[in-house]
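Down below is the structure, laid out as structure tokens.
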Amino acid sequence: MKVLVATEKPFAAVAVNGIRDVIENAGYELELLEKYSSKEELLAAVANADGLIIRSDKVDAEVLDAAKQLKIVVRAGAGYDNVDLAAATSHGVCVENTPGQNSNAVAELVFGMTVMAVRNMYNGTSGTELKDKSLGIHAFGQVGRNVARIAKGFGMKVSALDPYCPDEVMTDAGVEPIHSLEELYKNNKVVSLHIPATDETRKSVGYELISLLPKNGVLVNTARKEVIDEDGLQKALRDRTDIKYVADIRPDNAAELEAEFAGRVFFTPKKMGAQTAEANINAGIAAANQVVAFLRDGIDRFRVNK
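Residue numbering for the sequence shown follows numbering that gives the first Met the number 0, beginning at 0 and increasing consecutively.
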């Protein structure tokens, strides 16, 4: 059997070596397609692959049509909106992600951007400290839990909202459970977004919620740009001249926001949350182990499609 690693943005060399060890020690063949520049290259490479490991690469119906032997796709990372799940299911292909492998990297970026925001983007003026400030975590998954852990080190008061997470999980982590979006945004100086982009959440964070932030509030987004109502964000920043927005996802209206709200917004040039050597290695090797577990033993613990 053949496992294809198709990465327009390649894994680090040490991660590739680790992936190769896992795949070849299982008796499978590894093929690399790195820094490809056209979809046609991916379509050709996937034609005889039994397993596929990707990063932010798109796997749509056309790719699945070309992959006649494909049995599993593993997205090395937590998000998987770059894979057409319905098409994969109709093709009989298992789709998995690697939850938790990038969580600490993303959580550390949250605080890198938060400190920058409360220090006025390091513009030479006096800012504020995070100690004793309140932090609200919007979704208490693996990243949210790491954010809470780090926040404790800063001496912050932490609360979280997640209807899919039991209150006991939060209280055991020293986090106050919140059950209302309005309460989460109104009562926290910093709100950190970790919700996925789904039909339920797309454009769900807009003018009404953002405007509830307390004076000098900061909204941090390391999730997905799609969860933000960008028109509502722009209006909230215009009406509330004290709040700031920092994101690991450059919004579609970034140029307008940067021009109008200079010093109050910041966007990484590309999605940087998982861009650490450690996360790169962890996610890649986890993906390789999951491909082997599925091809060899039918284990699909991290399946995200039905």
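From the three backbone atoms N, C-alpha and C, an ideal C-beta is built for every residue, glycine too.
Cα-Cα separation between residue i and residue j, rounded to whole angstroms
i: tyrosine 35; j: alanine 235; result: 40 Å
i: isoleucine 52; j: leucine 108; result: 25 Å
i: alanine 172; j: aspartate 166; result: 10 Å
i: glycine 111; j: aspartate 296; result: 41 Å
i: leucine 256; j: phenylalanine 266; result: 10 Å
i: valine 105; j: lysine 269; result: 13 Å
i: arginine 148; j: leucine 134; result: 12 Å
i: arginine 249; j: valine 189; result: 19 Å
i: arginine 300; j: glycine 99; result: 14 Å
i: valine 245; j: glutamate 128; result: 17 Å
i: lysine 130; j: tyrosine 184; result: 19 Å
i: lysine 202; j: alanine 253; result: 16 Å
i: serine 37; j: valine 45; result: 13 Å
i: serine 89; j: valine 290; result: 19 Å
i: lysine 156; j: methionine 120; result: 23 Å
i: valine 217; j: isoleucine 22; result: 44 Å
i: phenylalanine 260; j: valine 219; result: 16 Å
i: glycine 50; j: leucine 294; result: 8 Å
i: proline 195; j: aspartate 161; result: 12 Å
Identified DSSP bridge partners for residue i
i: threonine 221; result: Its beta-bridge partners do not exist; DSSP assigns none.
i: tyrosine 163; result: Partner(s): none; tyrosine 163 has no beta bridge.
i: valine 73; result: Ile52, Glu95
i: isoleucine 136; result: Ala159, Ser191
i: threonine 6; result: Glu33
i: alanine 66; result: Alanine 66 is not bridged to any residue.
i: lysine 1; result: Glu28
Residue from the options whose Cα sits closest to the Cα of residue i
i: alanine 222; options: Met271, Tyr79, Gly135, Leu192; result: Leu192
i: leucine 63; options: Ser158, Gly205, Thr6, Cys93; result: Cys93
i: glutamine 141; options: Glu128, Phe153, Ala159, Ser125; result: Ala159
i: alanine 5; options: Glu23, Leu84, Val58, Asp20; result: Val58
i: serine 102; options: Ala278, His137, Cys164, Lys214; result: Ala278
i: arginine 54; options: Val15, Val21, Thr88; result: Val15
i: leucine 32; options: Gly143, Leu42, Ala254, Glu61; result: Leu42
i: isoleucine 18; options: Ala196, Thr170, Ile284, Met115; result: Ile284
i: alanine 86; options: Ile71, Ala60, Ala77; result: Ala60
i: arginine 118; options: Met169, Asn215, Lys151; result: Asn215
Assigned secondary structure, residue i (DSSP; H/G/I helix, E/B strand, else coil)
i: glutamate 30; result: strand
i: alanine 261; result: coil
i: tyrosine 206; result: helix
i: arginine 239; result: coil
i: alanine 172; result: coil
i: leucine 129; result: coil
i: lysine 38; result: helix
i: threonine 197; result: coil
i: valine 82; result: strand
i: arginine 302; result: strand
i: arginine 280; result: The sequence shown places isoleucine at residue 280, not arginine. Helix at isoleucine 280.
i: isoleucine 22; result: helix
i: alanine 292; result: helix
Residues near residue i by beta carbon distance below 8 Å, same chain, minus five either side
i: serine 210; result: Ala235, Asp238, Arg239
i: alanine 48; result: Lys1, Val2, Leu3, Glu30, Ala66, Gln68, Leu69
Cβ shell of residue i (< 6 Å), same chain only, five flanking positions each side left out
i: glycine 231; result: Gly205, Tyr206
i: tyrosine 27; result: Met0, Val2
i: alanine 286; result: Ile52, Val73, Ala75, Thr97
i: tyrosine 79; result: Asn96, Val303
i: arginine 263; result: Lys243
i: aspartate 228; result: Lys202, Gly205
i: proline 176; result: Asp166, Met169
Residues near residue i by beta carbon distance below 7 Å, same chain, minus five either side
i: valine 13; result: Ile280
i: glutamate 7; result: Lys34, Tyr35, Asp56
i: alanine 292; result: Ile298
8 Å Cβ cutoff, residue i in contact with chain D
i: alanine 25; result: Going by chain labels, chain D is absent from the structure shown, which holds only one protein chain.
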